[in-house]
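So the sequences go chain by chain: A and B. 2 is the number of the first residue of the first sequence in our numbering; add one for each residue after it. 459 is the number of the first residue of the second sequence in our numbering; add one for each residue after it. Data block below; observations after.
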Amino acid sequence: MTGIVGYGTKIPRYRIKVEEIAKVWGADAPTYKRGLNLNEKSVPAPDEDCATLSVNATLNALKRAKIDPADIGAVYVGSESHPYAVKPTGTIVSEAIGACPYVHTADLEFACKAGTEGMFIALNLVKSGAVPYALAIGADTSQGAPGDALEYSAAAGAAAFIMGTDNLIAELKDTHCYMTDTPDFWRREYKHYPEHGGRFTGAPAYFKHVTGAVDAILGKTNMKPEDFKYVIFHQPNGKFPVLVAKKLGFTEQQYLPGLLSPTLGNTYSGSSPMGFAATLDIAKPGELILLISYGSGAGSDAFIFETTKKIDEVRDLAPMLRTQLDEHKIYIEYGTYAKFRKKILLPN
Amino acid sequence: MRKLAIIGIGLIKWGELWEKSMRQIAAEAVYKCLEDAGTDRIDAMTIGNMSGGLFNGQEHLSSLIPDHMGRKNIPAMRIESACASGGMAVRTACLEVASGFSDYAIAVGVEKMTDISGNEATYALATAADQDYEAFHGVTFPGLYAMMAKAHMDRYGTTREQLSSVVIKNHYNGSLNPNAQFPFKITSDQVLKSPMVSDPLRLLDCSPITDGAAAVLITTLEEAKKLKKQPVLISGIGHASDSIALSSRKDLLKLEAVELSTNKALEMAGKSIKDIDFAEVHDCFSIAEIMILEALGVVAPGDGGKASSDGLTGLNGGFPVNPSGGLKSKGHPVGATGVAQICEAVTQLRGEAGKRQLKNIRTGLTQNMGGSAGSSVVHILEVI
């Protein structure tokens, strides 16, 4: 058996509301709130980055997995906000959690799909028997250009999953990928902010690939939407995942537990993995969960997991995602946000 | 001058056609047109296109388009008059046939607008305004039409509800048009809740950015009679220009080019506006349709808003306007719009418009304009 032995998340405490951003740019806040189903988003503190979020999420995952971190044979960090252009985030994380030195690591990038890319590799690596445990992280301090539509959603957060072959809390039932060369969103070298194709990011990009991955995995496994207790989609905003869920025949009861973007924003590589973690927080043993990521460029990974009895034992060993999302929030104004996110040019 | 007839029309479904290139959609419209006409003869081609250069980085459509459809040796030319490029292409094809230079001239309108960002498209469109006296100062078309709307409201008491009535009517018509980009109805509440673009114009007062193409095949009335399809006569053509900048006009609310081009077309057809049964007009913004109604002489200056909200221009009104859904609902691929207006008028006059078919019609008018009516072209079409 292959699957998850521990999972953990990390969300920064700071939040900025859609109204606060819209006020600065003279934009119509109700249009964004209604049109994109967004209310507020998380903001990383000045001392938080992709590496710290990854480490914190992993420490929570280790609390649930109760394994020796030195037994982790592989660490994959998926992000589009790696602190260094050249120098791995994976080494920072591996060192901080105590996995060094006998560990393989790689930083991954595939827009918002980098997190599930790591999950895909880690799951297959433990399945092959090459390593006893493999760690996959989706983490981002997402970038959105000031004034751009992305600024209302680009958020920060991380989810970490430790994969193994026994003492599983969720067993992997199947996976399927769907990928084409579709340039809907990108960031060129030396650019601070990503660019996107506007409405092109919708039908031919997000919807085509998410639908393609779901259709493929349902066809492969001969399953139907109603066979699943929960479903989690990538969440670039609050609107797309709801639209695609309805189009594919999933119900609110299935997608709402994992829908975080209305109050979290889009944590890019962390997005669907965090929705998955929020779902594991409430799932009962023996429930089927369908997870579908999406990364611009573009592709979707689909996973089917089934929770085991062990999920009840580990759930309370680390902070729940909704607790981090809904409690102890600190709201900031745009000026503070601009300072935290280094949007103000300083001398030197 | 030889008498002119339309013997074929070709229109494709408009929208965000990301899977297709400009040359493909132009070719599709031409093939549909030739199939409709029942002939594959093309002696000359005119191509209405506003800005292949800025939208697609592609000029020289006079070579590109015929070549792609396997007609590389025909004389072809691209016609540009901003958003009136399509109407001007039809007019030029008419001149080609009327003069005896060609017997079969096809007018193709094409614009591929969604392959660039909204900001880039806005910039491209704003090149139809006066670069020195308008665009340079930051105003784009929603701003220019908003000024006209404000002035219309101020002088004539035109209301927000009257502006909305144009939009609601055109979307209702468009909901019956399978080729429309936005074939759905909208409510007054939706208009009022749509984002403000330039006060008083909201998002739903504005026509969209669209990929689309259309084609019409023109020949002489004599030739047309040899073909199976019932021809539609082009009895009037009017064309006029006006100052490009609004600031150069004596009256902000007088669309002089529209008025002059309409009068010329009516005079050529030997008709008055009372003889016209319906019109396809250039509703790039809700206020535009109201002002065009006045410039055509359908109603007195200042009465356009009330006429719209009273239902004069509805499918069952006394003077139906934009049965196709207009630019607002059908879409506005700028170079294709003027050609598509002719397609709709022909469809209506043939009695092939399905659920949006107008009753008891014999004569229709199409009006297509560039920018803030710096140029305008009008055609009058009749059942033979």
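By construction, the Cβ of each residue, glycine as well, lies at the ideal position given by its N, Cα and C atoms. Please read these numbers as outputs of a predicted model, since none were measured by experiment.
Am I right that residue i and residue j are in contact with their C-beta atoms under 8 Å? What's the rounded C-beta distance?
| i | j | result |
| --- | --- | --- |
| H235 (chain A) | I293 (chain A) | 7 Å |
| I467 (chain B) | L621 (chain B) | Not really, about 31 Å apart at Cβ, beyond 8 Å. |
| F736 (chain B) | G822 (chain B) | 5 Å |
| H210 (chain A) | G148 (chain A) | Not really, about 28 Å apart at Cβ, beyond 8 Å. |
| A30 (chain A) | E41 (chain A) | About 11 Å; that fails the 8 Å criterion. |
| V756 (chain B) | R549 (chain B) | About 22 Å; that fails the 8 Å criterion. |
Taking only three categories from DSSP, how would you classify residue i?
| i | result |
| --- | --- |
| M546 (chain B) | helix |
| V597 (chain B) | coil |
| T212 (chain A) | helix |
| L770 (chain B) | coil |
| A495 (chain B) | helix |
| G296 (chain A) | strand |
| N826 (chain B) | strand |
| W476 (chain B) | coil |
| V625 (chain B) | helix |
| E190 (chain A) | coil |
| N267 (chain A) | strand |
| V127 (chain A) | helix |
| A28 (chain A) | coil |
| A737 (chain B) | strand |
| S656 (chain B) | strand |
| F277 (chain A) | helix |
| Y85 (chain A) | coil |
| L512 (chain B) | helix |
| H610 (chain B) | helix |
| A534 (chain B) | strand |
| H518 (chain B) | coil |
| K221 (chain A) | helix |
| R797 (chain B) | One point to set straight first is that residue 797 (chain B) is Val, not Arg, in the sequence displayed. Reduced to three states, the DSSP call for V797 (chain B) is helix. |
| V94 (chain A) | helix |
| Y335 (chain A) | helix |
| S154 (chain A) | coil |
| G528 (chain B) | coil |
| Y179 (chain A) | strand |
Taking only beta-carbon atoms, is residue i less than 8 Å away from chain A?
| i | result |
| --- | --- |
| S787 (chain B) | no |
| E569 (chain B) | no |
| P653 (chain B) | yes |
| S699 (chain B) | no |
| S575 (chain B) | yes |
Would you mind sorting residue i into buried or exposed? The rule is 16 or more other CB atoms within 10 Å of its CB.
| i | result |
| --- | --- |
| T309 (chain A) | buried |
| L713 (chain B) | buried |
| H193 (chain A) | exposed |
| L754 (chain B) | buried |
| S705 (chain B) | exposed |
| S521 (chain B) | exposed |
| Q589 (chain B) | exposed |
| E493 (chain B) | exposed |
| M749 (chain B) | buried |
| I537 (chain B) | buried |
| R16 (chain A) | buried |
| Q254 (chain A) | exposed |
| K490 (chain B) | buried |
| D175 (chain A) | exposed |
With a threshold of 8 Å between beta carbons, is residue i in contact with chain B?
| i | result |
| --- | --- |
| G199 (chain A) | yes |
| D29 (chain A) | yes |
| P205 (chain A) | yes |
| T32 (chain A) | yes |
Just checking residue i against the ligand GTP - is the residue's beta carbon closer than 7 Å to any of the ligand's heavy atoms?
| i | result |
| --- | --- |
| R820 (chain B) | The ligand GTP is not part of the structure shown, which contains no ligands of any sort. |
Which partner residues of residue i appear in the DSSP bridge assignment?
| i | result |
| --- | --- |
| S699 (chain B) | B:S833 |
| I564 (chain B) | B:M503 and B:L675 |
| C541 (chain B) | B:S539 |
| T308 (chain A) | A:A171 |
| C664 (chain B) | B:F743 |
| E41 (chain A) | A:K18 |
| A107 (chain A) | A:Y77 |
| F162 (chain A) | A:Y8 and A:A137 |
| V649 (chain B) | According to DSSP, V649 (chain B) bridges with nothing at all. |
| A765 (chain B) | In DSSP, A765 (chain B) forms no bridge with anything. |
| Y231 (chain A) | A:I290 |
| L469 (chain B) | B:A672 |
Practice prompt. Could you please tell me which residues of the region 465-495 of chain B, in chain order, have their CB closer than 8 Å to any CB of chain E?
Written response: You won't find chain E in this structure, because its protein chains are A and B.
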